[in-house]
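Residue numbers (the working numbering), protein chains in the order written: chain A, 1 to 285; chain B, 286 to 570.
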């Protein structure tokens with residue numbers, strides 16, 4: 001047993017998706033495709049000293065106190081005591097389509113399992129985080145994508161053992177610019193019929209040609225058909241296309257992402273990272 | 286289209302397994318558990334110049350010419366032309382239980398797909414490499430484990446979409462010493478009834494307690510029950526246990542592996558690496 005453990009979970013930008021609600025959170029989820037990023041979340045779980053008699057779980061994100069309902073859900077699923085401190089560090093913006101909530105839930109699951117010797121398998125930990133996200137309404141597909149890494153295709157929705165995954169074999173450089181926040185919960189709680197039809201069509205086309213260029217093109221078509229584009233994102237995507245690059249919108253955030261040097265070439269000053277080769281993992285012991 | 290691409294595939298040491306042959310190579314495979322390593326294979330595929338009129342695929346391992354039947358099988362499955370050069374670099378010994386053959390097949394699949402724009406998905410590439418290994422009789426479970434990374438548990442045998450995986454959430458330091466070669470093909474072509482019964486029991490027990498310490502203990506029990514231990518491996522495992530560490534035998538090689546500083550503490554001079562956090566992946570583009 002250790003007093004502290006840290007997990008790294010890659011960020012995840014969804015490019016196209018369809019929503020598949022279900023009464024069983026392990027069976028709920030999304031189909032679709034996205035990109036996991038070397039920019040991600042480092043979540044450190046510490047056993048509190050207990051000296052102060054303070055038995056409340058505390059959570060900080062880049063040293064600022066924060067509330068994230070899925071985290072308490074994960075700790076409860078794992079049967080972890082209440083006196084835990086969780087410190088999350090990330091270069092990613094919150095609420096902008098990078099799956100920070102899912103990454104935090106999954107990172108806490110991995111780290112808490114190690115600190116408190118819960119003896120869960122990776123599938124069990126991913127399931128705990130996936131179900132917590134679904135119950136909180138904060139995401140449907142980020143956790144299983146972040147557990148896998150690379151450029152994940154979600155063939156069938158749901159947690160490990162229910163859903164099915166594939167991937168696009170590519171590791172390009174990724175650039176992104178965020179203009180503001182969008183509420184995932186708001187979009188997911190509205191009528192998603194049109195969105196899901198557009199997402200299913202895009203996924204079917206992507207499976208016929210699983211390449212990065214096709215992914216970007218189908219993501220743009222999906223964003224238009226599902227009426228998700230913001231003004232800033234649309235301008236940026238057009239500018240990257242005009243400069244000969246590939247870009248689209250991060251679902252769901254007021255964020256544009258591009259491959260290679262797309263945003264730089266279009267005159268933006270983007271954040272730069274890469275596709276992450278692997279999935280969520282404990283940091284070196 | 287590029288003229289050259291490189292993929293990294295982690296080494297894989299199996300600790301316990303059961304063999305599940307099948308007429309369909311995608312459905313054939315093994316159940317069991319193992320450890321993927323940061324020591325692995327870098328496979329570079331180059332389009333040959335064609336200037337010499339030489340249309341034979343060449344393969345080198347650490348600059349030495351080598352024949353590996355699964356590699357030609359993979360290239361044929363992908364419909365890649367014959368004038369390809371494959372250069373493999375690895376610190377791992379061949380024929381010693383590290384899955385170098387499977388890693389090479391999978392690395393070639395990923396890199397050749399990129400060089401020749403074959404447009405296959407990751408599941409398709411893993412399936413091509415898995416089936417090539419099964420047909421060559423050189424392995425049953427390395428490829429799917431190497432595609433996943435971490436400490437993979439093979440719940441159900443077979444390629445992606447047929448088999449099912451889980452994992453032990455841990456990333457310990459790994460030490461290993463190799464005493465010589467063992468023939469995987471020889472063991473797999475013999476009667477595997479006893480081995481498979483021992484492997485099934487060990488896997489069932491591991492699923493009840495998916496931790497590194499339990500994995501090492503069950504791997505030792507499996508090696509004894511399946512009568513696989515060599516004299517050198519048995520001595521080394523005993524020495525590590527006497528020094529308070531965890532060690533077992535790499536299946537199938539005359540190789541001992543240990544976690545933490547087990548072999549060092551027992552007076553050996555081991556190679557040192559870690560559990561690899563992710564699976565096979567193209568190198569940075």
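All residues carry an ideal CB built from backbone N, CA and C; glycine is no exception.
In chain A, which residues lie with their C-beta within 8 Å of the C-beta of residue i?
{"i": "residue 503 (chain B)", "result": "Under the 8 Å cutoff, chain A gives no residues; its nearest Cβ is about 14 Å from residue 503 (chain B)."}
{"i": "residue 395 (chain B)", "result": "169"}
{"i": "residue 506 (chain B)", "result": "Here the premise fails: no neighbours, minimum Cβ distance about 19 Å."}
Once DSSP output is grouped into helix, strand and coil, what is the label at residue i?
{"i": "residue 488 (chain B)", "result": "helix"}
{"i": "residue 27 (chain A)", "result": "coil"}
{"i": "residue 105 (chain A)", "result": "helix"}
{"i": "residue 213 (chain A)", "result": "helix"}
{"i": "residue 182 (chain A)", "result": "coil"}
{"i": "residue 192 (chain A)", "result": "coil"}
{"i": "residue 264 (chain A)", "result": "helix"}
{"i": "residue 290 (chain B)", "result": "strand"}
{"i": "residue 531 (chain B)", "result": "coil"}
{"i": "residue 401 (chain B)", "result": "coil"}
{"i": "residue 582 (chain B)", "result": "Given a span of 286 to 570 for chain B in the structure shown, any question on residue 582 (chain B) remains unanswerable."}
{"i": "residue 412 (chain B)", "result": "helix"}
{"i": "residue 520 (chain B)", "result": "helix"}
{"i": "residue 425 (chain B)", "result": "coil"}
{"i": "residue 121 (chain A)", "result": "coil"}
{"i": "residue 16 (chain A)", "result": "strand"}
{"i": "residue 258 (chain A)", "result": "strand"}
Kindly list, in the order they appear in chain B, the residues whose Cβ is closer than 8 Å to that of residue i.
{"i": "residue 171 (chain A)", "result": "566, 567, 568, 569 and 570"}
{"i": "residue 125 (chain A)", "result": "454"}
{"i": "residue 121 (chain A)", "result": "438, 451, 452, 453, 454, 492 and 495"}
{"i": "residue 274 (chain A)", "result": "569"}
Using a cut-off of 7 Å between C-beta atoms, extract the partners of residue i located in chain A.
{"i": "residue 562 (chain B)", "result": "278 and 281"}
{"i": "residue 434 (chain B)", "result": "278"}
Could you confirm whether any beta carbon from chain E is found closer than 8 Å to the beta carbon of residue i?
{"i": "residue 11 (chain A)", "result": "No chain E is part of this structure, whose protein chains are labelled A and B."}
Report task. Check whether the stretch 358 to 375 of chain B touches the stretch 275 to 282 of chain A, counting contact only when three or more Cβ pairs, one atom from each stretch, lie closer than 8 Å. Result -> Touching, no, given that fewer than three Cβ pairs across the two stretches are closer than 8 Å.
Query raised in the report: What residue ranges within the stretch 310 to 385 of chain B form continuous alpha helix (DSSP H) runs of no fewer than 4 residues, ordered along the chain?
Result: 354 to 362
Query - Residues, ordered as in the chain, of the stretch 368 to 402 of chain B that lie near chain A by beta-carbon distance below 9 Å - result: Listed in sequence order: 394, 395, 398, 399 and 402.
Requested in this report: Can you check the stretch 147 to 172 of chain A for any beta strand (DSSP E) of at least 3 residues that lies completely inside it and give the ranges in chain order?
Outcome: 152 to 156 and 164 to 167
Query raised in the report: Quick one: any contact between the stretch 505 to 515 of chain B and the stretch 412 to 428 of chain B, if contact means 3 or more CB pairs under 8 Å?
Result: no
Query - Cβ contact check for the stretch 188 to 202 of chain A and the stretch 7 to 23 of chain A: 3 or more pairs under 8 Å - result: Touching, per the Cβ criterion.
Query raised in the report: Does the pairing of the stretch 237 to 245 of chain A with the stretch 254 to 274 of chain A give three or more beta-carbon distances under 8 Å?
Result: yes
**Report entry** Contact between the stretch 316 to 336 of chain B and the stretch 389 to 397 of chain B (3+ Cβ pairs under 8 Å)
**Finding:** yes
Query - Inter-stretch contact (C-beta, 8 Å, three-pair minimum) for the stretch 365 to 377 of chain B and the stretch 120 to 131 of chain A - result: no
Query - the stretch 201 to 215 of chain A touching the stretch 288 to 299 of chain B, judged by at least three CB pairs closer than 8 Å - result: no
Requested in this report: Decide yes or no for the touch test of the stretch 155 to 169 of chain A against the stretch 24 to 39 of chain A: beta carbon pairs closer than 8 Å, at least 3 of them.
Outcome: yes
Query - At least three beta-carbon pairs within less than 8 Å, the stretch 351 to 358 of chain B to the stretch 461 to 470 of chain B - result: These segments do not touch.
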